[in-house]
Structure formats: C-alpha cells, structure tokens
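Student: Residue numbers (this note's numbering): 49 to 383. By construction, the Cβ of each residue, glycine as well, lies at the ideal position given by its N, Cα and C atoms.
(1) Pick out whichever of 327, 116, 261 and 276 has its Cα sitting closest to the Cα of residue 376.
(2) Using DSSP with H/G/I as helix, E/B as strand and the rest coil, what is residue 369?
(3) Starting from the N-terminal side, write out each stretch of the beta strand (DSSP E) that is 3 residues or longer and does not extend beyond the stretch 308 to 347.
(4) How would you label residue 380, buried or exposed, when you count the other beta carbons within 10 angstroms and need 16 or more for buried?
(5) Sort out for me which residues DSSP pairs residue 271 with in a bridge.
(6) In terms of DSSP beta bridges, what is residue 117 paired with?
(7) Look at the Cβ atom of residue 175, then the Cβ atom of residue 253, and state whether they are nearer than 8 Å.
(8) Given this structure, state the Cα-to-Cα distance separating residue 243 from residue 354, to the nearest angstrom.
(9) Return the chain-ordered list of same chain residues with a C-beta closer than 7 Å to the C-beta of residue 152, the five sequence neighbours on each side being excluded.
(10) Can you give me the Cβ contacts of residue 239 inside the same chain, cut-off strictly under 6 Å, excluding the 5 residues immediately before and after it?
(11) Looking at the secondary structure, which residues open and close the beta strand (DSSP E) in which residue 72 lies?
(12) Return yes when the Cβ of residue 306 is within less than 8 Å of the Cβ of residue 257, no when it is not.
(13) Counting only runs that start and end within the stretch 133 to 210, where is the alpha helix (DSSP H) found for 4 or more residues in a row?
(14) Could you check whether residue 149 and residue 339 sit closer than 8 Å to each other, using their CB atoms as the reference points?
(15) Using the beta-carbon count (16 or more within 10 Å), is residue 298 buried or exposed?
(16) Please state the DSSP three-state secondary structure of residue 289.
(17) Within the same chain, show all residues whose beta-carbon is closer than 6 Å to that of residue 129, passing over the 5 residues directly before and after it, in chain order.
(18) Quickly, what does DSSP pair residue 97 with across the bridge? List them, please.
(19) Which stretch, first to last residue, makes up the alpha helix (DSSP H) that contains residue 243?
(20) Would you list the one or two residues that DSSP bridges to residue 251?
(21) Which of the three DSSP states is assigned to residue 299 in this structure?
(22) Would you decide whether residue 204 is buried or exposed? Buried here means 16 or more other CB atoms lie within 10 Å of its CB.
(23) Quick one: measure Cβ to Cβ for residue 90 and residue 342, integer angstroms, because I've assumed they're closer than 8 Å.
(24) Decide yes or no for the touch test of the stretch 131 to 146 against the stretch 101 to 118: beta carbon pairs closer than 8 Å, at least 3 of them.
(25) Between residue 79 and chain C, is there a C-beta pair that is closer than 8 Å?
(26) Over what stretch of residues does the alpha helix (DSSP H) that includes residue 356 continue unbroken?
(27) Terminal residues of the continuous alpha helix (DSSP H) containing residue 236?
(28) State the Cα-Cα distance for the pair residue 86 and residue 55, rounded to the nearest angstrom.
(29) What first and last residue would you give for the beta strand (DSSP E) that runs through residue 257?
(30) From this set, 196, 191, 255 and 75, which residue's C-alpha is nearest residue 227's C-alpha?
(31) With DSSP as the reference, identify every bridge partner of residue 87, one or two as the case may be.
(32) Give me, in chain order, the residues of the same chain whose beta-carbon lies closer than 7 Å to that of residue 76; leave out the 5 immediate sequence neighbours on both sides.
(33) Considering Cα atoms alone, identify which of 179, 304 and 300 is closest to residue 194.
(34) What are the boundary residues of the alpha helix (DSSP H) that includes residue 225?
(35) Return the bridge partner residues of residue 231 from the DSSP annotation.
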C-alpha cells in the first residue's frame with residue numbers, strides 16, 4: 049500500500065516563541081518525519097505531500113492507495129477541509145474527519161450551534177463583526193477569540209476582558225488582524241481539561257488537566273498562545289498539563305460522556321481532541337473541538353493528544369498505527 053502523508057510544513061526560520069502565530073498550525077519537519085517513520089511499520093511506501101497549491105496534481109499523479117492527513121490548509125475559512133475535498137474528488141480514502149466536519153469544527157460558532165442542538169453544554173456566546181454588536185445578554189468577563197482559527201491563534205493573554213472598553217480595544221484589533229468575526233464567550237472560572245478520543249466508536253483517552261499552578265506570577269491563568277507555545281515550551285520548561293487528571297469517578301464519567309457525545313454530534317472520525325471547562329455548578333462545558341489534533345512526538349513538548357495516548361499505553365508508533373488502522377477498518381480496507 050502506498051500512502052500519501054498530507055501536511056503543511058513549518059518554515060525552517062519560523063519561531064513560535066517569537067509571538068508570531070502565522071504558521072502556528074503547521075507541523076515541524078521532525079513531526080512529519082516521525083509520522084512517516086511510524087507509518088512505514090504498517091505500509092510499504094509513504095510519500096510526503098505538501099498541502100499547498102500544487103497538492104492536487106501531486107495527489108492525482110501519485111498513484112496513492114490511501115492518505116494519512118494532518119494538513120491544516122493554507123488559506124480560507126474552511127481550509128482544513130481543502131485536502132479532504134481533493135482526496136474525495138480523486139477517490140483516495142484518508143484518515144480523520146470528512147469535509148463537512150472539518151469545515152464546521154474550524155468555525156467556532158457553527159461548532160457551538162451543533163453542540164447546543166444536541167443538548168451539549170457550551171458557554172453562552174455571540175459572534176461579533178464589530179465590538180458594538182455585543183448584545184445585553186452576555187455577562188462579563190468575556191473570552192474573545194477569532195472565529196476561524198486553531199492552535200490558539202489569536203488567543204492571547206488579552207483575550208479575557210472585563211468591560212466594554214476592554215472588549216472594544218481587543219476585539220477591534222482581532223478583527224483587523226485576522227479579518228474575520230470574533231467569538232465572545234462567557235468565561236467559565238472552573239477547572240480546564242482537554243480530552244482525546246481515538247477510534248470508531250471512540251476510546252476516550254486519559255483526561256488531561258490544564259494546570260496553571262507552575263507558571264510564574266503574572267502569567268495568564270487560562271490556556272492561550274503564550275501558555276501553550278511560550279511558557280510550556282522546551283526552552284521555558286513549564287509543564288501546564290497533568291495526565292491523568294486528578295478527578296473523581298463521577299467527574300471523569302461526566303467528562304467522558306460529554307466528550308463522546310460531542311464526537312458523535314459533530315460526526316468526527318478516527319481522532320479528535322476537545323477542550324472543556326467546568327461551570328459554576330461543576331458541569332463540563334465544551335468550548336473548542338479540534339478534529340486535527342497535534343501529533344508532536346517528543347514527550348518533552350507536551351503535545352496533549354500524544355500525552356493522553358501515552359498515558360493509555362500507546363507508544364508513538366502505536367498511536368499512529370491505531371489512527372491508520374481505525375481509518376482502514378472504518379472504510380473496510382485491508383492492508
């Protein structure tokens with residue numbers, strides 16, 4: 049079997065810790081190499097296909113039997129769906145969620161609308177094209193984020209706002225920089241968790257708690273670009289994750305139930321990672337769904353999906369193999 053590894057590669061001179069989030073969603077060459085090496089345990093040939101403007105022709109001419117897709121896309125409001133759409137047009141089966149799911153999960157408002165339609169708790173919200181569009185129903189503090197970004201792009205230490213004046217400044221800058229509406233959510237002050245799901249039906253991996261106790265004074269106490277890519281980096285050395293999370297059986301069961309229902313409601317396939325916070329009553333509330341979770345191989349980098357998989361007993365090669373095998377089984381394909 050010949051497999052295309054579809055991906056977007058980080059530029060060699062890009063430094064996430066600079067604060068520039070332009071390519072934050074792309075994968076480092078070391079991650080792409082590690083996935084390729086792991087896949088070669090399960091198939092005869094793997095070819096890396098960069099998900100740029102030339103991807104369609106490379107896929108069309110490549111005589112591929114299957115694709116392992118981690119591509120984020122290069123531009124546009126539904127960019128994570130670009131490569132899956134090409135693969136479907138060419139009749140090449142692939143890992144992960146389909147076109148519709150990837151388009152929806154990159155759109156935070158649409159994701160939350162699906163959650164609400166299925167009775168899944170999510171923080172109250174409003175989409176803002178302009179700061180003055182804010183209605184009277186939402187209560188401060190509010191959390192602001194670009195509506196169509198991933199990997200914490202646009203989510204910074206300034207995203208938590210406590211007044212209309214703060215909202216006007218931050219939202220105006222965000223709309224101008226990312227050229228899209230801003231999602232304003234009521235901020236939940238409870239514990240924060242991230243949950244990985246693997247397979248079909250999904251295995252809920254050990255829950256990861258995002259903890260801010262180890263961070264220095266003045267650092268944000270919520271997950272954002274600075275926490276994820278600067279403080280929790282190899283150079284800074286802070287660890288903001290606890291896995292397995294220290295939760296009792298009741299809370300674990302509630303989180304796992306909400307995670308599974310979210311996976312099903314959004315018709316996710318093979319893998320995903322979702323983020324939750326507890327509301328004032330201790331109810332897990334979903335605020336983000338990532339159907340293309342990061343697969344960084346180095347345990348020291350605290351990539352949350354692989355960290356949860358390791359806690360479940362998967363080696364890195366075993367994790368990649370399980371994603372691959374789950375997608376094959378789902379489509380009735382034998383190696």
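Tutor: In short, the structure shows the following:
(1) 116
(2) helix
(3) 319 to 326 and 332 to 338
(4) exposed
(5) Paired residue(s): none; residue 271 is not in a bridge.
(6) 54
(7) no
(8) 11 Å
(9) 158, 159, 162 and 314
(10) 326
(11) That residue, residue 72, is in no beta strand (DSSP E); it is neither H nor E in DSSP.
(12) no
(13) 147 to 153 and 156 to 165
(14) yes
(15) exposed
(16) strand
(17) 147, 150 and 151
(18) 54
(19) Unbroken run through residue 243 is the beta strand (DSSP E), 240 to 246; no alpha helix (DSSP H).
(20) 246
(21) helix
(22) buried
(23) Not really, about 21 Å apart at Cβ, beyond 8 Å.
(24) yes
(25) Of the protein chains in the structure, only one exists, and it is not chain C.
(26) 352 to 359
(27) From DSSP, residue 236 is part of no alpha helix (DSSP H); its letter is neither H nor E.
(28) 15 Å
(29) 256 to 258
(30) 196
(31) Note: residue 87 sits in no beta bridge, so no partner.
(32) 58
(33) 179
(34) 212 to 226
(35) 175 and 193
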